[in-house]
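Colleague: After the structure tokens below, expect a handful of questions from me.
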Amino acid sequence: MAATVELRELRRTFGDVPALQGIDVSLAGGEFLSLLGPSGCGKTTALRLVAGFDRPDSGRVLVDGKDITSVRPSRRDMGMVFQAYSLFPNMTAAQNVEFGLRIRKLARAARAKRVRELLESVGLEQAGKR
Amino acid sequence: MRRRFIAPSSLVWLVLAAAYFLIPLVATLLFSLRDSQTGTCCSLGAYGTIFDDPQFAKTLWLSFKLAVETVVISLVLFVPTVYWVHLKLPRLRPVIASLALLPFVVPPIVLVVGMLDVYGGWSPGWFYSTPQFLVAAYVVLAFPYVFFALDAGFRAIDVHTLTEASQSLGASWRTTLGRVIIPNVRTAALSGALLTLAIVMGEFTIASLAAFHTFPTYIQYVNQTQAYPAAALTLISFGITWFAMLGILVAGRRPGGRQMAMRGGG
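For the protein sequence lines, the chains are A and B, in the order given. Residues 1 to 130 (the working numbering) are what the first sequence spells out, left to right. Residues 131 to 396 (the working numbering) are what the second sequence spells out, left to right.
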């Protein structure tokens, strides 16, 4: 399942403020990378470009060698953990977990099973209906 | 220690406010119960006169239909618009907000004359020569109420994070709007809908100037011709509008109960 991720010459400027000035990153499958730096140095910008919530001014994002720079975020098949809370307040905990599976059109029974497993794995099986 | 009684000063204001609202209603009620022949209390004759009048049900139904159409069109137009403005074009928000104030500034008479002029000549007859025409005007009138209600609703949720979370899970724009955004602004949309309903059910000027016979123009007609039934009709229309609003409130709140529980627990 592990995919390679490559960033090539990625640039992004907000007004006069350069956030990324041509960064190159190459990640092998299964490799683990931490971006460290002070606030405002472009960590989040880089992540948002990888997830597709923002477009780079120039440069490319490649996953498994395929250029996905202009692919919509909903088609990238990626997971992103957000800094701020990002639960859907209109859904129960279980429905929050289920949302991604529903979008991928998994059968109801399979979804229910996976949701139960996931909630159990974090000790939240009692809280699913909240 | 929490205070268990209402402070005397607030009680005074409460009584004053209640009197302000209730005295006209009670006075209308007493007047409506007078007998049309003798002028003494108490007879339900005035109410009978109204309910027997076919114009009553006809105009009421028409106004209600126009109100529902206005609500639907307004929400379909403004929910995606306000969502998009909050998400992508926050700089346009003040522009739209000032546009939303225009219906308050432009008098209804200017609006209706302008609209008759704009739509006259080229628009189809089913629109221009029927009360459907009024819906176009009412969407304009409802614009500020729907916009500011939705605007407050969208400000209360984290539009960006919710949208991005939904999309990174693979949801399309349509799914994001339908499953994530709309359920979270439901209460705001509901209050916009309630205000719109109240406006359309009570709108007189435009309907009258465009020469259509809606419920408010019917009330006005009864007012000028029959004294006691007019009072009865006023109370009936008050009750109907109140009930319609209660209905929307109940219909819209039911699935949302969970939302409150979850916020409290989170």
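Think of the CB as a built atom: it goes at the ideal place given N, C-alpha and C, for glycine as much as any other residue.
Between A:Val5, A:Ala109 and A:Gln21, which has its C-alpha nearest Phe32 (chain A)'s C-alpha?
Modeller: In the first sequence, the residue the question calls residue 32 (chain A) occupies position 32. Comparing Cα positions, the closest option is A:Val5.
Colleague: I believe Pro276 (chain B) touches Ser204 (chain B) by the beta-carbon criterion, under 8 Å. Please report the beta-carbon distance rounded to the nearest angstrom.
Modeller: By 1-based counting over the second sequence, the position of residue 276 (chain B) is 146. By 1-based counting over the second sequence, the position of residue 204 (chain B) is 74. Pro is not the amino acid found at residue 276 (chain B); the sequence shown has Val there. Confirmed, Cβ separation roughly 5 Å.
Colleague: Mind checking who Thr13 (chain A) pairs with in its DSSP beta bridge?
Modeller: Here residue 13 (chain A) refers to the residue found at position 13 of the first sequence. Thr13 (chain A) pairs with A:Pro18.
Colleague: Hey, how far is the Cα of Val242 (chain B) from the Cα of Thr344 (chain B)?
Modeller: Sequence index remark: in the second sequence, residue 242 (chain B) carries index 112 (1-based). Sequence index remark: in the second sequence, residue 344 (chain B) carries index 214 (1-based). Each residue's alpha carbon lies about 15 Å from the other.
Colleague: Identify which residue in A:Glu125, A:Leu35, A:Asp24 and A:Phe14 has its Cα closest to the Cα of Gln95 (chain A).
Modeller: Taking the first sequence and counting its residues from 1, the one referred to as residue 95 (chain A) is at position 95. Closest option to Gln95 (chain A), Cα to Cα, is A:Glu125.
Colleague: Quick one: what's got a C-beta closer than 8 Å to Leu119 (chain A)'s C-beta in the same chain, skipping five residues either side?
Modeller: For the purposes of this step, residue 119 (chain A) is identified with residue 119 of the first sequence, where counting begins at 1. Within the same chain, and ignoring the five residues on either side of Leu119 (chain A) in sequence, the residues whose Cβ sits closer than 8 Å to its Cβ are Ala93, Ala94, Val97, Glu125, Ala127 and Gly128.
Colleague: Look at Leu49 (chain A) and Val61 (chain A) and say whether their C-beta atoms are less than 8 Å apart.
Modeller: Within the first sequence, residue 49 (chain A) is the residue found at index 49, counting from 1. Within the first sequence, residue 61 (chain A) is the residue found at index 61, counting from 1. Their beta carbons are under 8 Å apart, which means Leu49 (chain A) touches Val61 (chain A) by this criterion.
Colleague: Give the secondary structure of Ser253 (chain B) by DSSP, where H, G and I count as helix, E and B as strand, and everything else as coil.
Modeller: Taking the second sequence and counting its residues from 1, one reaches residue 253 (chain B) at position 123. Coil, per DSSP.
Colleague: Residue range of the beta strand (DSSP E) that Gly300 (chain B) falls in?
Modeller: Position 170 of the second sequence, counting from 1, holds the residue named residue 300 (chain B). Careful: Gly300 (chain B) lies outside any beta strand (DSSP E) and carries neither H nor E.
Colleague: Should Glu9 (chain A) be labelled buried (16 or more other beta-carbon atoms within 10 Å of its own) or exposed?
Modeller: The residue labelled residue 9 (chain A) in the question sits at position 9 within the first sequence. When all chains shown are included, Glu9 (chain A) counts as exposed.
Colleague: Straight-line CA distance for Gln262 (chain B) to Tyr348 (chain B)?
Modeller: Residue 262 (chain B) sits at position 132 when you count from the first residue of the second sequence. Residue 348 (chain B) sits at position 218 when you count from the first residue of the second sequence. If you take the alpha carbons of Gln262 (chain B) and Tyr348 (chain B), they lie about 17 Å apart.
Colleague: Roughly how many whole angstroms lie between the Cα atoms of Thr364 (chain B) and Ala109 (chain A)?
Modeller: Position 234 of the second sequence, counted from the first residue, corresponds to residue 364 (chain B). Position 109 of the first sequence, counted from the first residue, corresponds to residue 109 (chain A). Straight-line Cα distance between these residues: approximately 56 Å.
Colleague: Tell me, to the nearest whole angstrom, how far the beta carbon of Phe99 (chain A) is from that of Leu307 (chain B); I am working on the premise that it is less than 8 Å.
Modeller: Residue mapping note: residue 99 (chain A) aligns to position 99 of the first sequence, counting from 1. Residue mapping note: residue 307 (chain B) aligns to position 177 of the second sequence, counting from 1. Contact flag wrong, Cβ pair sits at about 14 Å.
Colleague: In angstroms with no decimal places, state the Cα-to-Cα distance between Thr170 (chain B) and Arg164 (chain B).
Modeller: For the purposes of this step, residue 170 (chain B) is taken as residue 40 along the second sequence, with counting starting at 1. For the purposes of this step, residue 164 (chain B) is taken as residue 34 along the second sequence, with counting starting at 1. Going from the Cα of Thr170 (chain B) to the Cα of Arg164 (chain B) covers about 5 Å.
Colleague: Nearest chain A C-beta to Arg388 (chain B) closer than 8 Å, yes or no?
Modeller: What you label residue 388 (chain B) is simply residue 258 of the second sequence in a count that begins at 1. Bear in mind that a pLDDT of 42 at Arg388 (chain B), under 50, signals an unreliable position, so the number given afterwards is only what the model happens to contain. Among the CB atoms of chain A, one or more fall inside 8 Å of the CB of Arg388 (chain B).
Colleague: Please compile the residues from chain A whose C-beta is within a distance smaller than 7 Å of the C-beta of Gln297 (chain B).
Modeller: Here residue 297 (chain B) refers to the residue found at position 167 when the second sequence is read from its first residue. Within 7 Å Cβ-Cβ: Pro73 and Ser74.
Colleague: In the segment 321-348 of chain B, which residues sit with their C-beta less than 9 Å from some C-beta in chain A, listed in chain order?
Modeller: none
Colleague: Would a C-beta distance cut-off of 8 Å place Ile336 (chain B) and Pro238 (chain B) closer than the cut-off?
Modeller: Position 206 of the second sequence, counted from the start, is the residue given in the question as residue 336 (chain B). Position 108 of the second sequence, counted from the start, is the residue given in the question as residue 238 (chain B). Result yes, Cβ atoms of Ile336 (chain B) and Pro238 (chain B) sit closer than 8 Å.
Colleague: Measuring CB to CB, does Gly52 (chain A) end up less than 8 Å from Ala19 (chain A)?
Modeller: As a first step, residue 52 (chain A) must be located in the first sequence, where it is residue number 52. As a first step, residue 19 (chain A) must be located in the first sequence, where it is residue number 19. No, these two residues do not count as a Cβ contact at 8 Å.
Colleague: Rounded to whole angstroms, what's the CA-CA distance from Arg12 (chain A) to Gly59 (chain A)? Just pull it up for me.
Modeller: As a working mapping, residue 12 (chain A) is identified with position 12 in the first sequence. As a working mapping, residue 59 (chain A) is identified with position 59 in the first sequence. Looking at the two C-alpha atoms, the distance is approximately 9 Å.
Colleague: When DSSP labels each residue in this structure, what does Asp165 (chain B) get in the three-state scheme?
Modeller: The sequence position of residue 165 (chain B) within the second sequence is 35, counting from 1. Three-state DSSP puts Asp165 (chain B) in coil, outside helix and strand.
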